[in-house]
Amino acid sequence: MSEYKVDVKIDGKTYTLVSKEPKENIKDIAEIFDRKIQEVKSNRLTFDRQLVLAGVNITDDLYRLAEKYKSLKEESEVPLRDYPKLKEEVDLIRSEKDKLLRESLEDKERLDELDKENSKLKRDLVRYKDSKETIDKLKNEVKRLQVEVMDLSKENDSLKGKL
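If you're matching positions, the sequence shown starts at 1 in my numbering and goes up one per residue.
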């Protein structure tokens with residue numbers, strides 16, 4: 001990794017900094033430090049005291065960030081610890097959802113088949129009813145014709161007896 005040499009301004013003075021960090025990072029850090037100097041700048045304070053006060057403020061910021069980091073780390077322990085179990089549960093739920101979707105599609109296909117079969121059976125039932133009506137009509141016609149045959153047979157016998 002190469003070293004970078006960067007000129008930065010802090011409190012109006014130019015300083016040359018050398019670091020392994022990229023130039024943009026060095027410039028950003030110097031700008032933050034310069035802002036901290038400007039925050040504490042006072043005619044009553046020497047530059048050394050301004051540096052010390054800025055350093056204390058930066059250290060305070062760093063301390064607060066460290067506390068925030070510690071707090072966030074503690075807050076994240078349970079979710080991070082539970083993550084594998086939750087991921088496994090999510091995977092199981094997804095798998096179950098996929099299975100249920102497949103079953104639902106199969107059920108829909110089966111329902112479609114049953115609907116088709118039901119329609120066919122309804123048509124068959126209508127044809128059956130029509131056929132039954134026709135058969136009943138034909139039976140009645142056969143009975144009527146049988147009665148007529150018997151009547152004609154009696155009439156024929158009666159006419160034979162008269163001859």
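All residues carry an ideal CB built from backbone N, CA and C; glycine is no exception.
CB of residue i within 7 Å of CB of residue j, strictly
i, j, result
"Q50", "K36", "no"
"K27", "Y4", "no"
Residues that residue i bridges to, as DSSP identifies them
i, result
"I236", "Residue 236 lies beyond the range of the chain shown here (1 to 163); nothing can be said about it."
"T14", "K9"
"S19", "Y4"
Spatial neighbours of residue i in its chain, beta-carbon cut-off 7 Å, leaving aside the 5 residues before and after
i, result
"K9", "D34"
"I93", "none"
Residues near residue i in its chain [Cβ-Cβ closer than 8 Å; skip 5 each side]
i, result
"T14", "D7, V8"
"N156", "none"
"L163", "none"
Alpha helix (DSSP H) segment containing residue i, residue limits
i, result
"T134", "47-162"
Neighbourhood of residue i by C-beta distance below 6 Å, restricted to the same chain and skipping five residues each side
i, result
"A54", "K36, I37, V40"
Q | Sufficient close CB pairs (3 or more, under 8 Å) joining the segment 38-48 to the segment 60-71 | A | no
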